Structures are given as C-alpha cells and as structure tokens.
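One line per chain: the protein sequences are L and H, in this order. Using our numbering, read the first sequence as starting at 57 and increasing by one per residue. Using our numbering, read the second sequence as starting at 57 and increasing by one per residue.
There are 2 protein chains.
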Amino acid sequence: MKNEIAKTTRSYGGVRASLRLEGRRRKLIEAGLTAFGTLGYAKASIKGICNLAGLTERYFYESFGSKEELLAAVYQDVVEGLMPLALERLEEPFAKPSEIVCDTLRIYFTAMKEDPRKARMLYIEVLGVSPAIDRAYQEATRRLAGIIVRVMGLAFPGLDWRALSRTIVPTGLTGALTLIAINWILEEFKTPLDDILAQVTFLVDAMDAFLTPKP
Amino acid sequence: MKNEIAKTTRSYGGVRASLRLEGRRRKLIEAGLTAFGTLGYAKASIKGICNLAGLTERYFYESFGSKEELLAAVYQDVVEGLMPLALERLEEPFAKPSEIVCDTLRIYFTAMKEDPRKARMLYIEVLGVSPAIDRAYQEATRRLAGIIVRVMGLAFPGLDWRALSRTIVPTGLTGALTLIAINWILEEFKTPLDDILAQVTFLVDAMDAFLTPKP
DNA sequence: TTTATCTGACAAGTTATATTGTCAGATAAT
DNA sequence: ATTATCTGACAATATAACTTGTCAGATAAA
C-alpha cells in the first residue's frame with residue numbers, strides 16, 4: 057500500500073510516459089507469448105518472462121496484477137491478431153465453395169505453423185487455468201464459430217445459415233477444425249498442409265454436389 | 057536415498073501387502089480425480105490430494121513419483137473406464153443409423169454429466185501439462201476416433217470406413233464431438249441432452265437420406 | 001545548476017509446496 | 001512375550017516463486 061509505483065508522467069529518453077508504459081506492456085505480452093507458447097503456462101515464471109522482456113519485475117506489476125492476467129492479455133492479443141487475417145479473404149471473389157473454404161483454412165493453418173507459440177496459446181495453454189480464462193476461451197470459440205458460419209454462408213448461400221447458427225453445427229465445425237489443428241500442432245506439422253486442404257476440398261466439393269441439384 | 061519406504065511384505069489388518077498398496081493407490085487415483093476435476097490440476101496440491109484420500113504424503117510417494125505421474129494415472133483410469141460403456145451398445149441391434157449414433161452419444165454424454173470430474177479430466181485439465189501427458193491425450197483421441205469410426209461403420213455400412221479412417225474425417229468428427237462436449241461442460245450442462253441428441257438425429261437422418269438412393 | 005522523477009538491478013520478506021525424516025502406537029510374526 | 005514391521009500423524013528441510021522494497025545512477029524539468 058505504501059510503495060506503489062508512482063505514476064509516470066514525464067517524458068523520458070524522448071518518449072512520452074504513456075508510450076513508454078504501452079511499450080513495456082507490449083514487450084511483456086510478447087515475452088508472455090514466448091514463455092507460455094514454449095514452456096507452457098504452468099512452467100513459465102514471472103521472473104523468466106521479465107527476463108525475456110528485458111524488464112524487471114516492478115514493471116510486470118505495473119501492467120499486470122498476476123501471471124493469469126498476463127495470460128488473458130496474451131490470449132486476447134493472439135485472438136484479435138488472427139481474426140482479421142481470415143476475414144480479409146472473405147471480401148475477395150471465388151469460383152467455387154471449396155476455394156473460399158480452403159483459402160480461409162490455409163490462412164489460418166499457415167498462421168499457426170509460422171508461429172507455433174500462438175497455436176499453443178489458442179488451443180492448449182488456455183484450457184483449465186481458471187474460470188475467467190475459460191470464459192475467454194468460450195467467447196473466442198464463439199467468435200471462431202461465427203467466422204466459420206460466415207465462410208460457409210458464402211460457400212453455400214443456398215442454406216439457411218441464420219437458422220443453422222443456432223444449432224450445434226457451428227460448434228461441431230469449429231471443433232473439427234480445432235482438433236485437426238491440435239493434432240497438427242502436436243505432431244509438429246508433419247502432415248503437409250496441402251494434404252489436409254486437398255481432403256477438405258474433396259469434402260466440400262462432395263457437399264456442393266449434393267446441394268446443387270443436377271438437371 | 058537413506059530413508060526409502062521399506063517395501064511392505066507382511067499381512068496387516070487381515071489384508072495382504074500387495075492388496076493394501078493397491079488399495080492406497082486406488083484411493084489416491086480417486087482423490088486425484090476429485091482434486092483435478094474440481095480445483096484443476098494446477099491448483100491441486102499433493103497434500104490436499106492426500107487429505108482427500110485419507111492418507112499421508114508418504115503413501116503418495118510410495119505409488120507416484122510426482123503430481124504429474126498421478127495425473128497420467130488418473131487420465132488413463134478415466135479413459136479406460138469410459139470406453140467399454142460405449143462399446144457395449146455396439147453389440148445390440150438398431151433400427152436406423154441415427155439410433156445407434158444417438159444411443160452411443162447418450163451414453164457418452166450422460167457419463168460426463170453424471171461425473172463432471174471425468175469430463176474436466178478428459179478435455180480440459182489434461183492439455184498443456186507436459187509432453188508426456190500430451191502424448192497420452194493424443195493416444196486417447198486416436199482411440200476415441202477409432203470408436204467413432206466403428207459407430208459410423210455400423211450406421212453407414214455402405215461407406216468405406218477403412219479408407220475414410222485414414223483421412224481427417226475421424227479427427228474432425230472427434231473434434232466436433234469434443235467441442236460440443238466442452239461447451240456443454242463449461243455451460244454446466246444447461247442445454248438439455250435431448251435437445252442436443254435431437255439435432256444429431258436430424259443430421260444423421262439427413263445424411264442417411266442422402267446416402268440411400270431413392271427409387 | 002539544482003531538484004524531481006524515472007529506470008534498472010537487486011535484496012528482502014512472504015507464502016506455498018514438495019520432499020524427506022521422525023516417532024509413537026498398532027499389528028503381525030516368532 | 002518379545003521382536004519386527006506397518007501405519008498414521010506430524011516435524012523439518014529444501015526449493016521455488018511471488019510480491020514489495022531499496023537505491024544508485026540516468027534523465028528531464030525548474
């Protein structure tokens with residue numbers, strides 16, 4: 057209670073106080089991503105994270121109240137960073153359903169392979185930490201399901217996705233995508249991405265053939 | 057190194073040494089299930105688990121080298137205990153595909169609702185603890201996928217499930233089932249099980265209608 | 001130039017947990 | 001009956017991490 061960090065207001069090293077604080081916060085989030093995504097949440101220590109960030113513990117508590125709070129911030133950051141990537145593709149035109157589906161999946165899976173830390177955060181480290189984190193996970197799952205529904209809505213405009221979105225179908229599709237991703241992560245991306253996408257293409261094409269009535 | 061527990065060989069209280077040891081081990085596994093399945097793995101302490109088991113720490117280290125080792129044993133126990141339940145149903149006859157699918161799912165989901173500790177163990181507490189546990193999770197996932205393939209093979213004998221089992225389809229189905237289950241757990245079983253199964257029935261019937269050519 | 005504030009390194013206190021050790025009384029073997 | 005072993009309760013130690021505090025030197029403001 058006595059010795060809280062005095063709120064910094066001055067400029068220092070030519071940068072405003074708020075910018076320095078934000079910079080430290082970002083460094084901690086980045087370090088947290090590395091620590092959680094490699095060591096895992098349980099084995100990552102605050103001191104270790106601070107070392108990675110090139111900061112000292114004081115600055116950790118300046119921005120976060122606990123390791124769990126940092127985890128939540130890192131998780132949010134990863135989720136927020138990944139969403140727009142997939143959404144961009146949805147603005148572009150496409151020739152057939154399997155194209156838009158696979159393109160979106162490719163973006164998603166590629167992002168994970170390029171940064172396995174994020175992959176671990178998204179699916180593995182985030183579960184079972186605390187009720188608060190569980191809620192964040194649920195919320196992120198819902199958003200992912202929402203994106204999937206949008207993609208499927210574009211791919212199969214004939215279906216009533218507004219109605220379907222109130223069923224277990226989006227959750228099921230999300231789960232399918234998620235577990236395929238988890239297995240891919242745990243086997244260290246051994247299966248070529250193109251193999252996975254070829255199978256998806258086959259399935260989506262089959263669904264397309266079923267839905268579009270032949271004359 | 058000096059003071060290891062002398063290996064017990066005598067009979068005591070009318071029970072053989074090996075039986076007493078096995079009994080303590082089982083008590084610890086049961087206590088671990090309770091602790092991990094409610095507090096969560098991270099927050100469960102060895103002392104707390106021993107209290108739940110009505111044993112002292114000495115006996116913990118008699119049977120397990122670490123908390124993680126206990127987790128692996130508990131996980132195995134839960135997985136082994138759940139498999140035969142679902143497999144039993146597969147011996148019985150059924151009228152239509154959605155019947156066998158839903159019956160199996162009902163058994164599975166009911167088991168989780170009746171013992172949420174197991175549900176949490178299966179899907180939530182087990183992830184991200186260590187590479188060894190990750191492998192156990194992968195193995196269990198494969199076995200679950202195997203069961204799903206068997207169920208689908210019964211429900212849709214017209215499909216070549218031997219070939220399909222080498223695709224992402226079993227993993228996808230497993231993931232769908234898993235995430236639906238996780239959401240159900242995290243929302244504390246709010247959605248009535250019959251609602252979920254009704255949707256599954258609808259989907260499986262639709263798939264059936266698609267696969268059986270109309271005259 | 002002088003004063004106030006910021007930074008980085010580290011110390012200190014606190015808590016929690018794991019892990020090993022001790023021991024008195026209960027039980028079985030001789 | 002006496003000796004050896006087993007059990008349960010608890011003490012002691014070690015370790016690790018969190019959290020707060022101190023302080024010298026760097027930087028900016030007056």
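Cβ coordinates follow ideal geometry from the N, Cα and C atoms, glycine included. What you are looking at is a predicted structure, and each value in this text was computed from that prediction instead of being measured.
Whole-angstrom distance between residue j and residue i, CA atom to CA atom
{"i": "F212(H)", "j": "A188(H)", "result": "36 Å"}
{"i": "F150(L)", "j": "G214(L)", "result": "16 Å"}
{"i": "I163(L)", "j": "L141(L)", "result": "7 Å"}
{"i": "I204(H)", "j": "L229(H)", "result": "8 Å"}
{"i": "D261(L)", "j": "I180(L)", "result": "31 Å"}
{"i": "N107(L)", "j": "V207(H)", "result": "51 Å"}
{"i": "F120(L)", "j": "L89(H)", "result": "32 Å"}
{"i": "S74(L)", "j": "T64(L)", "result": "8 Å"}
{"i": "V130(L)", "j": "I105(L)", "result": "12 Å"}
{"i": "N59(L)", "j": "L178(L)", "result": "For N59(L), the predicted model reports a pLDDT of 36, less than 50, meaning its position is unreliable; a value from the coordinates is still stated below. Distance between the alpha carbons of N59(L) and L178(L) is about 37 Å."}
{"i": "L111(L)", "j": "A100(L)", "result": "16 Å"}
{"i": "A219(L)", "j": "E147(L)", "result": "23 Å"}
{"i": "P269(L)", "j": "L84(H)", "result": "60 Å"}
{"i": "M57(H)", "j": "V256(L)", "result": "Caution applies to M57(H), whose pLDDT of 32 falls short of 50 and renders its modelled position unreliable; the value that the coordinates give is listed next. So the alpha carbons of these two residues sit roughly 57 Å apart."}
{"i": "Y193(L)", "j": "R199(L)", "result": "10 Å"}
{"i": "G231(L)", "j": "I102(L)", "result": "32 Å"}
{"i": "S67(L)", "j": "G137(L)", "result": "30 Å"}
{"i": "L242(L)", "j": "T234(L)", "result": "12 Å"}
{"i": "T227(H)", "j": "G79(L)", "result": "41 Å"}
{"i": "R222(H)", "j": "S221(L)", "result": "30 Å"}
{"i": "G70(L)", "j": "S122(L)", "result": "30 Å"}
{"i": "D159(L)", "j": "D216(L)", "result": "22 Å"}
{"i": "R176(H)", "j": "R114(H)", "result": "28 Å"}
{"i": "T197(L)", "j": "L143(H)", "result": "30 Å"}
{"i": "P172(H)", "j": "R72(L)", "result": "51 Å"}
{"i": "K246(L)", "j": "N239(L)", "result": "10 Å"}
{"i": "E155(L)", "j": "E155(H)", "result": "35 Å"}
Pick from the options that is closest to residue i, judged by C-alpha positions
{"i": "T94(H)", "options": "I224(L), P226(L), G184(L) and V205(L)", "result": "G184(L)"}
{"i": "M139(H)", "options": "C158(H), A167(H) and Y115(H)", "result": "A167(H)"}
{"i": "K174(H)", "options": "A232(H), A100(H), E86(H) and L233(H)", "result": "E86(H)"}
{"i": "L161(L)", "options": "T268(L), L267(L), L126(L) and A254(L)", "result": "A254(L)"}
{"i": "Q132(H)", "options": "E195(H), V71(H) and L242(H)", "result": "E195(H)"}
{"i": "L127(L)", "options": "L233(L), K169(L) and R81(L)", "result": "R81(L)"}
{"i": "V182(L)", "options": "E144(L), N239(L), S122(L) and F92(L)", "result": "F92(L)"}
{"i": "R191(H)", "options": "A98(L), E244(L) and L77(L)", "result": "E244(L)"}
{"i": "E118(H)", "options": "L77(H), G202(H), D171(H) and P172(H)", "result": "L77(H)"}
{"i": "V135(L)", "options": "E155(L), A201(L) and Y97(L)", "result": "A201(L)"}
{"i": "F258(L)", "options": "V157(L), G69(L) and S122(L)", "result": "V157(L)"}
{"i": "A98(L)", "options": "R114(L), F116(L) and E124(L)", "result": "E124(L)"}
{"i": "P248(H)", "options": "K169(H), R114(H) and E113(H)", "result": "K169(H)"}
{"i": "G96(L)", "options": "R72(H), S186(H), P172(H) and R114(H)", "result": "S186(H)"}
{"i": "R145(H)", "options": "N239(H), L210(H), K246(H) and D171(H)", "result": "L210(H)"}
Amino acids of chain L, ordered along the chain, whose beta-carbon sits closer than 9 Å to that of residue i
{"i": "A98(H)", "result": "Y97, A98, G184, V185 and S186"}
{"i": "I102(H)", "result": "Under the 9 Å cutoff, chain L gives no residues; its nearest Cβ is about 15 Å from I102(H)."}
{"i": "I252(H)", "result": "I224"}
For residue j and residue i, believed in contact at Cβ under 8 Å, the rounded distance
{"i": "D264(H)", "j": "P153(H)", "result": "5 Å"}
{"i": "I295(L)", "j": "I224(H)", "result": "Nothing about residue 295(L) can be read from this structure; chain L reaches only from 57 to 271."}
{"i": "A237(L)", "j": "F165(L)", "result": "7 Å"}
{"i": "F266(H)", "j": "F266(L)", "result": "6 Å"}
Chain-ordered neighbours of residue i on chain H, where CB pairs are closer than 8 Å
{"i": "L146(L)", "result": "Near L146(L) there are no residues of chain H at all, since even the closest Cβ is about 22 Å away, more than 8 Å."}
{"i": "N239(L)", "result": "Q194, T197 and T227"}
{"i": "L220(L)", "result": "Simply none; closest approach about 10 Å."}
{"i": "T160(L)", "result": "Those within 8 Å of T160(L) in chain H number zero; the least Cβ separation is about 16 Å."}
Chain L contact residues for residue i, given Cβ-Cβ distances below 7 Å
{"i": "D190(H)", "result": "L242"}
Residue i: contacting residues in chain H (beta-carbon distance under 9 Å)
{"i": "L178(L)", "result": "Ordered by position in chain H, no residue passes the 9 Å Cβ test against L178(L), which lies about 11 Å from the chain."}
{"i": "E181(L)", "result": "L183 and G184"}
{"i": "Y93(L)", "result": "The sequence as given places Gly at residue 93(L); Tyr does not occur at that position. Here the premise fails: no neighbours, minimum Cβ distance about 10 Å."}
Amino acids of chain H, ordered along the chain, whose beta-carbon sits closer than 7 Å to that of residue i
{"i": "Q132(L)", "result": "In chain order: nothing, as chain H lies at least about 18 Å away."}
{"i": "A265(L)", "result": "Within 7 Å Cβ-Cβ: nothing; A265(L) doesn't reach chain H, min ~11 Å."}
{"i": "T234(L)", "result": "G231 and L235"}
{"i": "T223(L)", "result": "Q255"}
Closer than 8 Å at the beta carbon, the chain L residues around residue i
{"i": "T268(H)", "result": "Under the 8 Å cutoff, chain L gives no residues; its nearest Cβ is about 13 Å from T268(H)."}
Check: Considering only residues of the segment 196-238 of chain H, which uninterrupted alpha helix (DSSP H) runs meet the minimum length of 4 residues and lie entirely inside it, listed in chain order?
Finding: 217-220
Quick check for students: name the residue ranges of the alpha helix (DSSP H) that lie wholly in the segment 131-158 of chain L, counting only runs of 4 or more.
none
Please give me, in chain order, every unbroken run of the beta strand (DSSP E) with length at least 3 that falls completely inside the segment 93-133 of chain H. Runs of the beta strand (DSSP E) inside the segment 93-133 of chain H: none found.
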